[in-house]
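The block underneath contains the structure these notes are about, expressed in structure tokens.
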Amino acid sequence: MKKVLIVGAGPVGLLAGCYLYKYNIAFDIIDKNSESNTYSKALSVSPATIKAFHGLNISDKLVNKGRKVHSIQIYYKDRKFLNINNKYLPSCYRYHISIPQPETEKILEEFISNSGVYVKRGHKLISWTKENGKYKVSISDGNNNQYTSCYEYIIGADGASSTVRDLAGIGFDGHDYNMHFIMADVLFESSINLPGTSYYIDDDGFLIFLPMPDNMVRVVIKKDGPLPSPRPTPDIDEINYYLSKYCKKSGNAYKLIWSSSANFYNRIAEHNSKDNVFIAGDAFHLFSPIGGQGMNTGIQDAINLSWKLALYIKGKVRRALLDTYSTQRFTAVGEVLQSTDHDTMLIAGIVPKECIDPIYYPEFCNRNHYQSELPLKYSGFLASQKNTTTDLVGRHVPYFEFFSNQHDFNNSYDALSTGKVIIYSKRNDCPPLDRIKNKSDFIFCSLDESDCLSIEHIQFNSENYVVVNPDGYIDFSGKEDDLIEYLSAFYFME
Ligand SMILES: Cc1cc2nc3c(=O)[nH]c(=O)nc-3n(C[C@H](O)[C@H](O)[C@H](O)COP(=O)(O)OP(=O)(O)OC[C@H]3O[C@@H](n4cnc5c(N)ncnc54)[C@H](O)[C@@H]3O)c2cc1C
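Sequential numbering of the sequence shown, starting at 97, is according to my numbering.
Right, dumping it as structure tokens:
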């Protein structure tokens, strides 16, 4: 019997599958659609997501297939008022990747297929019953044949209308804004004179211009009122009308490849786990598209959950560690929800811009704030997984290099590829580690003064230890006694 069922082979379910495979956990992954997704959908892959791919050693594939976005320009009535530049991000990937969602999914699916596991397409979750602690799951195979299979754990990565969420009785609360957007991927003859990634805002609304590979551009346009029924499907003339209104520099596109429309949502589930059922991605949260946080936040859910579930299934960690999926992701998702709501209301003019925050607009007076904070926010590095008093804990580990002849990695990102929990310290030893039963799941990394830059990055003092989880988040920083207490809560000690 396979232990885990992943429902949904979108980016979130696939990433969870990749990490379960990395930790040698047997799983099934099903998707109700008989073919893989061909809709362009999520385009902007954040530096935090690239880091999750780095942990699987597949970030190069993503970077090579997409287009690098080093900065985002924001214009109000043709006047540039903000340049969100990624060049100081604490990552070796100081850019977003613009790549259509099907390409991202393909990279993940190829990785999973190396394990001999293939997505069962056309297989739809119908219902389950719980018997002797296991889920007896009814699945329809696409030919209207129903079969049952038993699993101990279910991951619901089945999108906005999640069946897993409904079957688990988890509510999904929030609101739609009184506006919708139309969008299209259009082709230009050449990309030479095209602007880079830009937001064009005026008092009527906004247009987002997102260059993609191969002279293609994603255009997103805000429209008033709720999404009409039937959904609008814009044509090339409508897109060119808005391009000439907002972005005269671009000229006209000559061909429309794909178009769509959707509401602006803001929703979060009341829980993200119930017994041994977990939900992640759009099943857990829906954001406004401003800032491109949907898929990227879902991928952080998937990585946070999957390594913990894997070690728990192997009997190596306490349930308390798995339960942190709920608390940590609720904290981080809540932050993203709040900030996308704020940005959406602001740029859509739902509230007068100067009412929200006088430093935003029209003459924002604190440039440093925007130059340092906004790139971090949109890269996915700002949302914290913990409400702590220190800045460090709950944050993504920054990229830093160090000298090490003990390990076959010499930077904080390659350390993540090991799939282990990394403990950094300036000290030469880590006595608490000797007391852990499953020591092989940890790596101790001693940094010396010559690694001063690294030490500066993770704000060491000489007695401190810093624990970085395989999902790339810093989970602890403190002295030896506190480290023992921290480890005892989650791991089995001698
Ligand atoms: C037009 C558009 C543009 C977007 N742009 C961005 C962007 O730039 N950046 C960003 O981060 N996000 C963006 N998003 C959001 C992003 O596409 C979603 O957040 C992302 O797809 C969520 O991934 P997921 O795996 O959680 O769910 P999904 O991608 O929705 O995948 C869920 C899967 O579950 C399957 N499924 C559903 N029910 C069942 C069932 N009962 N049994 C079996 N399978 C089932 C579905 O067939 C589907 O394949 C955009 C979305 C849209 C619509």
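Cβ coordinates follow ideal geometry from the N, Cα and C atoms, glycine included.
- Judged by their CB atoms, F277 and P196 are not nearer to each other than the 8 Å cut-off.
- Counting along the chain, H438 sits inside the alpha helix (DSSP H) bounded by residues 415 to 443.
- DSSP, reduced to helix, strand and coil, places D577 within a helical segment of the structure shown.
- For H367, the closest of F538, S136, S325, I266 by C-alpha to C-alpha distance is I266.
- Going by C-alpha positions, V413 is about 47 Å away from S355.
- Its chain contains Y296, L303 as the residues whose beta carbon lies nearer than 6 Å to that of Y342, once the 5 sequence neighbours on both sides are disregarded; these appear in chain order.
- The C-alpha of N506 lies about 10 Å from the C-alpha of C541.
- Residue range 508 to 513 is occupied by the alpha helix (DSSP H) that includes D510.
- At least one heavy atom of ligand 1 sits closer than 7 Å to the Cβ of D378.
- Under the DSSP assignment, G270 falls outside any alpha helix (DSSP H), being part of the beta strand (DSSP E) whose first and last residues are 268 to 283.
- Contact between N311 and L283 is confirmed by a C-beta separation of about 6 Å, below the 8 Å threshold.
- The beta strand (DSSP E) runs of length 3 or more contained entirely in the segment 204 to 264 are, from start to end of the chain, 220 to 227, 230 to 236, 242 to 247, 249 to 252.
- At least 8 Å separates the beta-carbon of I399 from that of L221.
- Annotation for V432: Q389, T393, A479 place their beta carbon closer than 6 Å to its own, counting only its chain and skipping 5 residues before and after.
- Exclusion of the five residues before and after K232 leaves W224, T225, T244, C246 as the residues of its chain whose Cβ lies within less than 7 Å of its Cβ.
- Distance from the Cα of G218 is smallest, within the candidate group I539, Y421, I126, L405, for I126.
- Taken from the Cβ of L221, at least one heavy atom of ligand 1 lies inside 7 Å.
- Not a single heavy atom of ligand 1 lies less than 7 Å from the C-beta of K232.
- Contact annotation: I208 and G113 have beta-carbon atoms nearer than 8 Å.
- A residue is called buried when at least 16 other Cβ atoms come within 10 angstroms of its Cβ; N120 does not meet this threshold and is exposed.
- In terms of CA proximity to H438, N362 leads the group P198, L323, N362, G515.
- Of the heavy atoms belonging to ligand 1, none sits nearer than 7 Å to the Cβ of K164.
- Between the C-alpha atoms of T436 and N348 there is a straight-line separation of about 30 Å.
- Inter-segment contact for the segment 165 to 173 and the segment 147 to 156 is absent: fewer than three beta-carbon pairs are separated by less than 8 Å.
- Assignment of N179 by DSSP, reduced to helix, strand and coil, places it in the strand class.
- Under the 8 Å Cβ criterion, the segment 318 to 338 does not count as touching the segment 183 to 198, having fewer than three qualifying pairs.
- CA-to-CA, the gap between N240 and N129 works out to about 13 Å.
- If you draw a 10 Å sphere on the C-beta of K370, you find 16 or more other C-beta atoms in it, and that means buried.
- DSSP, reduced to helix, strand and coil, places I399 within a helical segment of the structure shown.
- One thing to note: S346 has its Cβ within 8 Å of the Cβ of P291.
- Just so you know, the alpha carbons of S468 and S187 end up roughly 14 Å apart.
- Short of 6 Å from the beta carbon of P494, and not among the five residues preceding or following it, lie these beta carbons of its own chain, in chain order: P186, H553.
- At least 8 Å separates the beta-carbon of G301 from that of G106.
- Under the DSSP assignment, S340 falls in the alpha helix (DSSP H) whose first and last residues are 332 to 342.
- In this structure L306 is not in contact with S136, their Cβ atoms being roughly 10 Å apart against a cut-off of 8 Å.
- For Q396, the shortest C-beta to heavy atom distance toward ligand 1 is 7 Å or greater.
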